[in-house]
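Participant: Before I ask anything, let me first share the structure, which is written out below as structure tokens.
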Amino acid sequence: MSSSSSHRRTSHTTQRRVAAVALVGVSALLAAAVQSGAASAAPQKSSLGKINRGSLAAQLTPSQRAELIRDADAAKAATAKDLGLGAKEKLVARDVIKDADGTVHTRYERTYAGLPVLGGDLVVDTTKAGKTERVIKATRATLEVASLTPAIAASKAEKQALSAAKAEGSKKTDADRAPRKVIWAADGKPTLAYETVVGGFQDDGTPNQLHVITDAATGKKLYEYQGIETGIGNTQYSGQVTLTTTQSGSNYTLTDGARGGHKTYNLNRGTSGTGTLFSQTSDTWGNGTTSNAATAGADAHYGAAETWDFYKNTFGRSGIKNNGVGAYSRVHYGNAYINAFWDDGCFCMTYGDGAGNADPLTAIDVAGHEMSHGVTSNTAGLNYSGESGGLNEATSDIFGTGVEFYANNASDPGDYLIGEKIDINGDGTPLRYMDKPSKDGGSADNWSSSVGGLDVHYSSGVANHFFYLLSEGSGAKVINGVSYNSPTADGLPVTGIGRDKALQIWYRALTTKFTSTTNYAAARTGTLAATGELYGTTSAEYTAVQNAWAAVKVGSRPGGGGGGTSFENTGDVSIPDNGPAVTSSIAVTGRTGNAPSNLLVDVDIVHTWRGDLVVDLLAPDGTVYPLKPFSSSDSADNVQETYTVNASSEVANGTWKLRVQDKAAQDTGYINSWKLTFP
1 MSSSSSHRRT SHTTQRRVAA VALVGVSALL AAAVQSGAAS AAPQKSSLGK
51 INRGSLAAQL TPSQRAELIR DADAAKAATA KDLGLGAKEK LVARDVIKDA
101 DGTVHTRYER TYAGLPVLGG DLVVDTTKAG KTERVIKATR ATLEVASLTP
151 AIAASKAEKQ ALSAAKAEGS KKTDADRAPR KVIWAADGKP TLAYETVVGG
201 FQDDGTPNQL HVITDAATGK KLYEYQGIET GIGNTQYSGQ VTLTTTQSGS
251 NYTLTDGARG GHKTYNLNRG TSGTGTLFSQ TSDTWGNGTT SNAATAGADA
301 HYGAAETWDF YKNTFGRSGI KNNGVGAYSR VHYGNAYINA FWDDGCFCMT
351 YGDGAGNADP LTAIDVAGHE MSHGVTSNTA GLNYSGESGG LNEATSDIFG
401 TGVEFYANNA SDPGDYLIGE KIDINGDGTP LRYMDKPSKD GGSADNWSSS
451 VGGLDVHYSS GVANHFFYLL SEGSGAKVIN GVSYNSPTAD GLPVTGIGRD
501 KALQIWYRAL TTKFTSTTNY AAARTGTLAA TGELYGTTSA EYTAVQNAWA
551 AVKVGSRPGG GGGGTSFENT GDVSIPDNGP AVTSSIAVTG RTGNAPSNLL
601 VDVDIVHTWR GDLVVDLLAP DGTVYPLKPF SSSDSADNVQ ETYTVNASSE
651 VANGTWKLRV QDKAAQDTGY INSWKLTFP
């Protein structure tokens, strides 16, 4: 009989590494501006500081997590009733996070008349005593559609999806599965729709999983996103590292029994299946070069182990799904394939061998990035398109960077560069820069109304820049031998709070605050809520989050950032479709004299096809200051802008109003919040 046991052995590469031993929440505060001091040139210390440890995720065993999900599923009918959901709506428990203080965050999907509701996910927070504390919804719209009978045939939806896939290089002539009926609610207006998934391959050889959403009444394409979430890289050797393998008889395999049974396979240029599990009689893997196929296997196996350990020891998360089950890795995918990708369908990580099959894409930050797509898919489920897609990509960059720092590998010290070792550009430059994303030639440093139209690998720049500023602060500094010089959109400094704190804030927001439709404005709200729970709303950390977001043009600094005062109304006001104007009021008190010539008006409106909207500021005496005109061609969603108004002829004190009117039919929304800042 053969015996089976786990072993830790070394991979024969080049150098030994140095071991390295989680739209609601906290309300916005009205406060005077806090002027940040100059950023330190030294890296921040690895410390969580004075944190509310009761708000950190508790480490659950797989059986404890499964029991919580069973309990939530058993009570889902009562929960739906308590939440006031309609008779046709049902909940499906998908994930549970439990805090150390007993608070439980349960993530649900929804169905309507038995149909899946895409964009209908929600998170319910309950106290240790079982009392509902808050509910975070991907959509606030009432789930209701006029008819459940499609007006167009499923074949029309399939034809449209195939056309979209063809544009990305797919040669498929039919969908992977027949279009299914769904309720599309991600844009705020529930609609009966078809979801069609087209497989095959994209034009660069990446597997294709294109999801196309088609209006079942009109045949109009509502949305599309790619189910395969990709990163780009070539290779990176991690030195001589320790691997956990399994012995069976006289052979060893790349099976990590200490990390959920993670396995690493050799596809040997194939593009489907699992390939062959790496197996050999020696427990020394690879030779540090591509002449030995096991070198890439060793790098991938190591990257998976470091990613597992990072999530386990940093957040108490046991594996990608937090259920103690390992994913698997595949190397040597395709021929000269210059990419790597995570596929939630196979629950696996796949690496190509790069140009000329000379540079396998097995870098530590690539592994951490791609596997973090799996974490996002199994928590917030951020839609892989628009601003939510940028946040999805940024989340992988953020946690991939966290993995690289955690690994503390002497051959690859932690940095805020993405893919710096892979030479994708052929000149030694990184793929992406977190301190100033635009240095890659395409990424956005700051938010703008057009960010959602960028490729998700470029719109991610806003959150990457935020994370760097929150971690390390603005200005010039050198960290682990790398020079950075991070600017701010408003020219004001940001003082970092340290990477460890920033990671905890982002993880808590991702797992307990973000939903599938979270955009940048909602990400700011979610991270502030997470920070308030971890550190308090009067903490330096809370102020730093406000300042870091303002520095990338998402929201304002406390008090506007210039020593003035802000006044805010966070109450929702519904905007009638093609109806009369509505207003939201702010009472300004305690000011003397007139308003300034640079009065700042921050507007956050959730609305599909924002071109329908006319937005004005009304002074206390009724004077109208136009902010946004009607536009029949502006089809983007939401109005999240900061306007500067010369209101110097107006008395500052009094009731100011934001007036909004929808002047065209078919699209709805609401005023989420707005703010006046007197610099």
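Just so we're aligned, residue 1 is where the sequence shown starts under our numbering, counting upward by one.
Ideal Cβ placement from N, Cα and C applies to all residues, glycine included.
Predicted, not measured: the structure shown is a model, and the values here were computed from it.
1) On the three-state DSSP scale, how would you describe asparagine 234?
2) Consult DSSP for asparagine 292 and reduce its assignment to one of helix, strand or coil.
3) Restricting to Cα atoms, I'd like to know which of Arg107, Phe405 and Asp187 is closest to serine 377.
4) Mapping the DSSP letters down to three states, classify isoleucine 152 as helix, strand or coil.
5) Taking 8 Å as the threshold, find out whether the region 530 to 547 comes into contact with the region 637 to 649 through three or more Cβ pairs.
6) On the three-state DSSP scale, how would you describe asparagine 653?
7) Should the region 462 to 479 be regarded as contacting the region 383 to 403, the criterion being three or more beta carbon pairs within less than 8 Å?
8) What residues in its chain sit with their C-beta under 7 Å from that of lysine 312, if we drop five residues either side in the sequence?
9) Between which two residues does the alpha helix (DSSP H) containing alanine 522 stretch?
10) Residues in its own chain within less than 8 Å of leucine 143 by CB, not counting five upstream and five downstream?
11) Specify, as a first and last residue, the run of the alpha helix (DSSP H) that asparagine 547 falls within.
12) Give the range of the beta strand (DSSP E) segment to which methionine 371 is assigned.
13) Mind checking glycine 286: buried by the 16 CB within 10 Å criterion, or exposed?
14) Pick helix, strand or coil for aspartate 621, following the three-state DSSP scheme.
15) What does the alpha-carbon distance come out to for the pair leucine 618 and leucine 658?
16) Given a cut-off of 8 Å, decide if leucine 613 and valine 639 are closer than it, judged by their beta-carbon atoms.
17) Mind checking whether threonine 264 and glycine 297 have CB atoms under 8 Å apart?
18) Let's see if you can read the secondary structure: which residues bound the beta strand (DSSP E) around phenylalanine 341?
19) Report the rounded CA-to-CA distance for alanine 305 versus glycine 356, giving the unit in angstroms.
20) Taking all protein chains shown into account, do 16 or more other C-beta atoms lie within 10 angstroms of the C-beta of threonine 329, making it buried, or fewer, making it exposed?
21) So which of Gly442, Val325 and Gly239 has the shortest CA-CA distance to alanine 407?
22) Which whole-angstrom value is the C-beta distance of glycine 611 and serine 633, which I expect to be below 8 Å?
23) Report back the beta-carbon spacing between threonine 518 and alanine 380 to the nearest angstrom; my notes put them in contact at under 8 Å.
24) Contact defined as beta carbons within less than 8 Å: I believe asparagine 383 pairs with serine 516. What is the distance between those atoms, to the nearest angstrom?
25) Within a Cβ cutoff of 6 Å, which residues of the same chain sit near serine 474, ignoring the five residues on either side of it in sequence?
26) Is the beta carbon of valine 123 closer than 8 Å to that of threonine 512?
27) Apart from the five residues just before and just after aspartate 662, which ones in its own chain have a Cβ nearer than 7 Å to its Cβ?
28) Anyone know if the C-beta pair for leucine 454 and alanine 444 falls short of 8 Å?
29) I need the straight-line Cα distance from asparagine 392 to alanine 57, nearest angstrom please.
30) Can you find the residues in the same chain that come closer than 6 Å, C-beta to C-beta, to serine 291, ignoring five residues on each side of it along the sequence?
31) If you draw a straight line from the C-alpha of serine 459 to the C-alpha of proline 437, how long is it?
32) Alpha helix (DSSP H) containing valine 714: first to last residue?
33) By how many angstroms is the C-alpha of serine 163 removed from the C-alpha of tyrosine 507?
34) Does the region 60 to 71 come into contact with the region 93 to 104, if we say contact requires no fewer than three beta-carbon pairs (one atom in each stretch) closer than 8 Å?
35) Look at the alpha carbon of alanine 75 and the alpha carbon of threonine 61, and state the distance between them as a whole number of angstroms.
36) Any idea which residues DSSP pairs lysine 628 with across the strands?
Facilitator: So, from the data block:
1) With a pLDDT of 24 at asparagine 234, under the threshold of 50, the modelled position of this residue cannot be trusted; read the value that follows with caution. Reduced to three states, the DSSP call for asparagine 234 is coil.
2) DSSP places asparagine 292 outside both helix and strand once states are collapsed to three, so it counts as coil.
3) Arg107
4) coil
5) no
6) coil
7) yes
8) Ser318
9) 520 to 535
10) Leu85, Gly86, Lys88, Glu89, Arg110, Tyr112, Val117, Gly120, Ile183, Ala185 and Pro190
11) First-last of the alpha helix (DSSP H) with asparagine 547: 540 to 550.
12) Careful: methionine 371 lies outside any beta strand (DSSP E), inside the alpha helix (DSSP H) at 364 to 377.
13) Buried, by the Cβ-count rule.
14) Reduced to three states, the DSSP call for aspartate 621 is coil.
15) 6 Å
16) yes
17) Glycine 297 sits close to threonine 264, with the two beta carbons spaced by under 8 Å.
18) 340 to 343
19) If you draw a straight line from the Cα of alanine 305 to the Cα of glycine 356, it comes to about 28 Å.
20) Here residue 329 is serine; the residue named in the question, threonine, does not match the sequence. Answer is buried; the Cβ neighbour count reaches 16.
21) Gly239
22) 6 Å
23) At roughly 7 Å, the Cβ-Cβ gap stays under 8 Å, so threonine 518 and alanine 380 are in contact.
24) 5 Å
25) So the list reads Ala39, Ser486, Thr488, Pro493 and Val494, once near-sequence residues are dropped.
26) A Cβ-Cβ contact shorter than 8 Å links threonine 512 with valine 123.
27) Ile575, Pro576, Asp577, Asn578, Gly579, Asp612 and Leu613
28) Yes, the Cβ-Cβ distance between leucine 454 and alanine 444 is below 8 Å.
29) 21 Å
30) Excluding positions up to five away in sequence, the list is empty.
31) 10 Å
32) Past the edges of the chain, shown from 1 to 679, lies residue 714, and the structure says nothing about it.
33) Rounded to whole angstroms, tyrosine 507 to serine 163 spans 37 Å at the Cα level.
34) With three or more CB-CB distances shorter than 8 Å, the region 60 to 71 counts as touching the region 93 to 104.
35) 21 Å
36) Looking at the DSSP output, lysine 628 shares a beta bridge with Val615.
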